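Q: Pasting in a structure now, in structure tokens, and then I'll have a few things to ask.
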Amino acid sequence: MTVFLVIIVLALLAVTGWQISKIFQLSQRPDADTSQVANDKDNRLNGILMLGFVIFLYVITIYCFWEYGRFYLPEAAAEHGSEYDNLMFISIGLIMVVQIITQFLLHFFAYKYKGKKTQRALFYADNDKLEFIWTIIPVIVLAGLIIYGLFTWSDIMNINEDEDPMVIELYAYQFDWRARYSGEDNTLGKANVRFIEGVNQLGVDESDSYGKDDKIVTELHLPVGKPVLFKFRSQDVLHSAYFPFHRAQMNVVPGMITQFGFTPTITTEEMRQSEYMVDKVKSVNEERNERNKELVAQGEPTLDSYEFDYFLLCNKICGQAHYNMQMKIIVESEEDFNAWLEEQPTFGSTMEDSSENVDRPEDTAGDDTPESMQEDGSEEGQEMENAPQEGEEVAVVD
Ligand SMILES: [Cu+2]
1 MTVFLVIIVL
11 ALLAVTGWQI
21 SKIFQLSQRP
31 DADTSQVAND
41 KDNRLNGILM
51 LGFVIFLYVI
61 TIYCFWEYGR
71 FYLPEAAAEH
81 GSEYDNLMFI
91 SIGLIMVVQI
101 ITQFLLHFFA
111 YKYKGKKTQR
121 ALFYADNDKL
131 EFIWTIIPVI
141 VLAGLIIYGL
151 FTWSDIMNIN
161 EDEDPMVIEL
171 YAYQFDWRAR
181 YSGEDNTLGK
191 ANVRFIEGVN
201 QLGVDESDSY
211 GKDDKIVTEL
221 HLPVGKPVLF
231 KFRSQDVLHS
241 AYFPFHRAQM
251 NVVPGMITQF
261 GFTPTITTEE
271 MRQSEYMVDK
281 VKSVNEERNE
291 RNKELVAQGE
301 PTLDSYEFDY
311 FLLCNKICGQ
321 AHYNMQMKII
331 VESEEDFNAW
341 LEEQPTFGST
351 MEDSSENVDR
361 PEDTAGDDTP
371 ESMQEDGSEE
381 GQEMENAPQE
391 GEEVAVVD
């Protein structure tokens, strides 16, 4: 209904504008210039507007850099990150310089050589030398950029197996993540959606001995300075694993395994203490305190104070709760990591426990499907916990 009303209002406005323009035409003096051909005055006005437009663009650009520059991510927290950032800054830098010069020339010439009654355009057919220059320069620059990009790409994408990276599976489903560590053998057990049953959320093949020591967890812990190879699997639709601080992203495609490897270089604690993050957290908390004053006045629960954490996010719009599909990442020292991993139960022991429970039906009355994997994919308990509070920067992507 609202849309219908808006359309009617817009149509009426258009009719009004058209009628007003007709009144203006009728009210002109009989000797006014009604010619359809642009005169010097029209040309001058258009020239000035062209120049004004490019100045407007530059002002907006400078404003955006100044106002939104604070949303830049800090120094990359993974080894390949600086290569990635360099490629991006060099590409953007080049594009910026070329666009500033060419846009300025385009608009300035439109102003400078605006039409004048007394002037005639010069007939200038072609100039081979000029054409050669403006063809060869972009060819060299673009070829350079592309070759540089290809080298960077293969550096980032090719996983050095000699480094013996730790293999971790990241499993995506609407709307959460699970991580599966490959255990002592550093080999993931086979898995298939057809094996998903009961506590076997990820469909790990029970008959595969490599899977027995796998560890399935809800929080991703990574040892700093150690190469990690992620294998991505999706249960349902297309997702995308996005680690903004580690400059990594990979599609997670149902029916196939994709992979990406990197070496984290900055622990969560170090990142929290970095100048960038201290400032950031301070400003987020200032905003929250302001908001809390309003919430207190309204008698509503207040927001917790914010603390930085790395997150693995989903970067494909995969459904209703896509915005909240995230998993905390903790980058820590190798000792802390090993201590944490030690405490996690293996897949084998989880399956044994569950079968023991099934043997004693009074313990597990009813459905033993974990809540988290119920059909609607929502996790009652966890969703509430994860749900961003109003005013919170969801998943701290900035
Ligand atoms: Cu998703």
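Residue 1 is where the sequence shown starts when you use full-length UniProt numbering, and the numbers rise one by one after that.
Beta carbons are placed, not taken as given, at the ideal position from N, Cα and C, and that holds for glycine.
All values reported here derive from a predicted model rather than from experimental measurement.
Going by the C-beta, is C314 closer than 6 Å to any heavy atom of ligand 1?
A: The nearest non-hydrogen atom of ligand 1 is less than 6 Å from the C-beta of C314.
Q: In terms of DSSP beta bridges, what is T267 paired with?
A: The partner list for T267 (beta bridge, DSSP) is empty, contrary to what the question assumes.
Q: Going by beta-carbon coordinates alone, are E79 and T265 separated by less than 7 Å?
A: Taking a C-beta distance under 7 Å as the contact criterion, E79 and T265 qualify as a contact pair.
Q: In chain order, which alpha helix (DSSP H) runs of at least 4 residues are fully inside the stretch 77-160?
A: 81-112, 128-157
Q: Along the chain, where does the beta strand (DSSP E) that runs through F262 open and close?
A: 258-262
Q: How many angstroms separate the CA atom of L94 from the CA atom of I62?
A: 17 Å
Q: Does DSSP classify L13 as helix, strand or coil?
A: Of the three classes helix, strand and coil, the one that applies to L13 here is helix, per DSSP.
Q: Hey, out of F65, A121, T350, E269, whose CA is closest to I92's CA?
A: F65
Q: Assuming F347 and K226 are in contact, meaning their beta carbons sit under 8 Å apart, how far apart are those beta carbons, in whole angstroms?
A: No, F347 and K226 are not in contact; Cβ-Cβ is about 22 Å, not under 8 Å.
Q: Quick one: give me the first and last residue of the alpha helix (DSSP H) that R288 is part of.
A: 275-297
Q: In terms of residues, what are the limits of the beta strand (DSSP E) holding V252?
A: 248-252
Q: Go to V54, then tell me how far its alpha helix (DSSP H) extends in each direction, as first and last residue.
A: It spans 40-68 - the alpha helix (DSSP H) in which V54 sits, taken as one unbroken run.
Q: Quickly, what does DSSP pair W177 with across the bridge? List them, please.
A: A172
Q: Quick check on the burial criterion: 16 or more other C-beta atoms within 10 angstroms. Buried or exposed for N200?
A: Under this definition N200 is a buried residue.
Q: Where does the unbroken alpha helix (DSSP H) through F337 begin, and where does it stop?
A: For F337, the enclosing alpha helix (DSSP H) stretches over residues 334-343.
Q: Are F232 and L170 closer than 7 Å when you measure CB to CB?
A: Yes. Within cutoff.
Q: If you run the structure through DSSP and keep just helix, strand and coil, what is F230?
A: strand
Q: Along the chain, where does the beta strand (DSSP E) containing Y310 start, and where does it finish?
A: Here the beta strand (DSSP E) through Y310 covers 310-314.
Q: Per DSSP, I330 forms a beta bridge with which residues?
A: H221.
Q: Go ahead and pull the three-state DSSP assignment for V199.
A: coil
Q: Just to confirm before moving on: does the CB-CB distance between F195 and G183 stay below 7 Å?
A: In terms of Cβ geometry, F195 and G183 do not form a close pair [threshold 7 Å].
Q: Going by C-alpha to C-alpha distance, which of E270, S355, R180 sits closest to E197?
A: S355
Q: Helix or strand or just coil, what does DSSP make of K215?
A: K215 falls in the strand class under three-state DSSP.
Q: When you compare the CB positions of L222 and V139, do they come within less than 7 Å of one another, or not?
A: No.
Q: What does the alpha-carbon distance come out to for the pair P254 and N186?
A: 23 Å
Q: Return the residue from the list D309, L312, E290 that minimises the CA-CA distance to L303.
A: E290
Q: Mind checking whether the beta-carbon of M327 lies closer than 6 Å to any heavy atom of ligand 1?
A: no
Q: Is V37 helix, strand or coil when you go by DSSP?
A: DSSP places V37 outside both helix and strand once states are collapsed to three, so it counts as coil.
Q: Give a single yes or no on whether C318 has its beta carbon closer than 6 Å to a heavy atom of ligand 1.
A: For ligand 1, at least one heavy atom lies less than 6 Å from the Cβ of C318.
Q: Between which two residues does the beta strand (DSSP E) harbouring F243 extend?
A: 239-243
Q: Pull up the distance between the alpha-carbon of A241 and that of M157, whole angstroms please.
A: 15 Å
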